[in-house]
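The structure appears below as structure tokens.
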Amino acid sequence: MRIAPRLILMALFLSATGLAQNKEILYDFYEIPQSLMVNPGVKTSQKWHAGIPVLSGLSVQAGTSGVTVNDLFADDGVDFTTKVQERLLSVMTDRDDFGTTNQIEAFTVGFRGKNRPENYYTFGMYGEMDIISYWPKDLAILAFEGNGGANLGRSFDLGDLNLRGEVVNVLHFGINKKVDENLTIGGRAKIYSSIFQFQSIKNSGSFVTRDGQSNVYESAINADMQLQTAGVKGFYDIIDEDTGTTKKDVKSLFTERTLLGGNLGFGVDLGFSYNLNPQTTITGSILDLGFINNSKDVWNYTFAGSTVTDGISVFLPEDINNVDNDQWQELIDEIDAALPHGENQSSYISWRPVKVYGSARYDFGQGGNGRIFDNCGCAVNGRGRASTSDHYRNSVGGQLFMIKRPKGVQAALTGFYQRRFGRVLSLKGTYTVDKYSFTNIGLGANFQMGPVNFYVLADNLLSYSNIADSHYASLQFGFNIISWNNN
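Residue numbers for the sequence shown, in mature numbering (1 follows the signal peptide of the UniProt record, and there is no 0): -20 to -1, 1 to 467.
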């Protein structure tokens, strides 16, 4: 049972920051090949592209919907205990979450069909870590304040414990198809190979202490809790053995599971872009509509049942010497029998966090002489020179993002402005409102130096002067080689 509490503590530590997995700057930034990963139906222009291995797409996102690091650890003269009470326990709710998402693209390749130039094919592999933990409000109050005093008679909700995490490797193959001058659609198939996964998302129960009859107080526990893990115990056993080959064994197991040796799953991405008129475009996509069948290296922990105990009956001062270890053990055995904890290896299905994007874009400021766009990728789907609608220097619009989380859907709204400077540079500025921040201003830049493409996208720029006091931050960057038309 040691692995269960350690895993929960590890999840809480790794999720010291939270996020929404939103890539609002990259979305519909069609000059960047990686925009296909957030909308397989985005407009494409290049003949082919290849990402620089490992460096083509790196993404780190972090934030918090409640307290920040600075709130607790700033040197402001306020006692730490007071900070915890006033800035954590009294403010945060069980809907506040912490988490982290990191993504690294191992490789990516895209090319246009020789006989079907309207089709653009992509394939690649990336790894992703995603951990989320909701703030266990009642359990935190119980641990910090105890069950006496003002909390006597309070029912503490054990269902506040809600967390989920995974590290997964993804192999994917996609098709982007230009149906006509107005509509582009796309789809992507994904094979998931799980490195490890854990979740404790359907807990329920309560703990309450009240005035007793046989003793001063009695406590009632009613619990139905479970922690499911797949792939965790294999790593835990290797590390716990602590042999001379521990590092090598961990690396070997990680590599094996990366190359389709872990628990497998399947998913799809779908997307589209549609021109309402030459200057107005709407887009949409749904990502990670899929699951993983966890059947290997499964180890689950359960804690279920109900009991009422009044503890050890002691009458002071005459019984002070009668409270021995046997009586304490009897109490522990009583609770243990009434609330049995168990372990099993039952397989289970874990669902991927489904994400939905949508946007509306208005283009304006025609670029004039179209010759500056020759071989720039503006010739959509490689059919000669670009049309007039591809020469607009400016774009403005709005985006919607939603993601399915264990306690419901999280959403974000983004407004953006994009400016193109010929074939060399494109900038995109964003303002995003979500549960993490109301002051999230982001900026993305795409540089084209001959066939070499470099992009960097950063969120919540106003927080960079004090990251510790930030509710949200993200950074994405990558390098690609791009070829257009006959280049």
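Even for Gly, the Cβ is constructed at its ideal location relative to N, Cα and C. In this text, all values refer to a predicted model and were calculated from it rather than measured experimentally.
Rounded to the nearest angstrom, what separates residue i and residue j at their Cα positions?
| i | j | result |
| --- | --- | --- |
| S39 | P320 | 43 Å |
| F87 | I461 | 12 Å |
| I181 | G133 | 26 Å |
| F78 | Y416 | 10 Å |
| A438 | S36 | 16 Å |
| Q379 | S265 | 11 Å |
| E125 | T73 | 16 Å |
| D424 | L455 | First, the residue type needs correcting, since residue 424 is Gly and not Asp in the sequence shown. Those two C-alpha atoms are separated by around 10 Å. |
| F136 | Q193 | 21 Å |
| P386 | R144 | 8 Å |
| N131 | R75 | 21 Å |
| I219 | S253 | 48 Å |
| E85 | F103 | 11 Å |
| A200 | D118 | 15 Å |
| V196 | G129 | 13 Å |
| Y337 | T225 | 45 Å |
| T61 | L69 | 11 Å |
| F427 | L405 | 5 Å |
| T289 | N324 | 28 Å |
| N183 | D140 | 8 Å |
| F91 | N142 | 43 Å |
| P333 | D191 | 45 Å |
| L233 | Y100 | 35 Å |
| A284 | A317 | 10 Å |
| S25 | D59 | 58 Å |
| D414 | E198 | 44 Å |
| K94 | F153 | 18 Å |
| K231 | R237 | 10 Å |
Only counting the same chain, and skipping five residues up and downstream in sequence, which positions put a Cβ closer than 6 Å to that of residue i?
| i | result |
| --- | --- |
| V148 | E108, Y172 and S174 |
| T282 | Q206 and G322 |
| V436 | A425 and F457 |
| N2 | F381 and A392 |
| N127 | T189 |
| Q208 | Q179, N280 and Y328 |
| G395 | G378 and Y411 |
Do the CB positions of residue i and residue j come within less than 8 Å of each other?
| i | j | result |
| --- | --- | --- |
| W115 | S463 | no |
| Y106 | V150 | yes |
| G185 | L138 | yes |
| I262 | A340 | yes |
| L393 | T412 | yes |
| I12 | T410 | no |
| F401 | N433 | no |
| M382 | V389 | yes |
| K335 | F9 | no |
| S286 | Q177 | no |
| Q398 | N374 | yes |
| G167 | V248 | yes |
In chain order, what residues of the same chain lie with their CB nearer than 7 Å to the CB of residue i, ignoring the 5 residues before and after it?
| i | result |
| --- | --- |
| D277 | A210, G211, K213 and G214 |
| N162 | Y254 and N255 |
So what's residue i in DSSP terms, helix, strand or just coil?
| i | result |
| --- | --- |
| R134 | coil |
| K384 | strand |
| N460 | strand |
| D222 | coil |
| residue 535 | Because the chain in this structure spans residues -20 to 467, residue 535 falls outside the shown range and cannot be described. |
| L35 | coil |
| L141 | coil |
| I171 | strand |
| residue 474 | Since the first and last residues shown for the chain are -20 and 467, residue 474 lies out of range. |
| M17 | helix |
| E4 | coil |
| K157 | strand |
| S265 | strand |
| G104 | strand |
| L455 | strand |
| S275 | coil |
| K335 | strand |
| L233 | helix |
| I121 | helix |
| G377 | strand |
Spatial neighbours of residue i within its chain, please: C-beta separation below 8 Å, excluding the five flanking residues on both sides.
| i | result |
| --- | --- |
| Q259 | Y342, D343, F344, S369 and Y372 |
| L(-7) | Unreliable placement is indicated for L(-7), whose pLDDT of 44 sits below 50; no coordinate value is reported for it. |
Determine whether the Cβ of residue i lies closer than 8 Å to any Cβ atom of chain C.
| i | result |
| --- | --- |
| Q428 | In the displayed structure, chain C is absent; only one protein chain is listed. |
Taking 7 Å as the cut-off, is the C-beta of residue i nearer than that to any heavy atom in the ligand ZN?
| i | result |
| --- | --- |
| P97 | As presented, the structure is devoid of all ligands, the ligand ZN included, so that no description of it is given. |
Does the segment 157 to 169 come close enough to the segment 2 to 22 to have 3 or more Cβ pairs within less than 8 Å?
-> yes
Would you call the segment 237 to 245 and the segment 266 to 274 touching, i.e. three or more CB-CB distances under 8 Å?
-> yes
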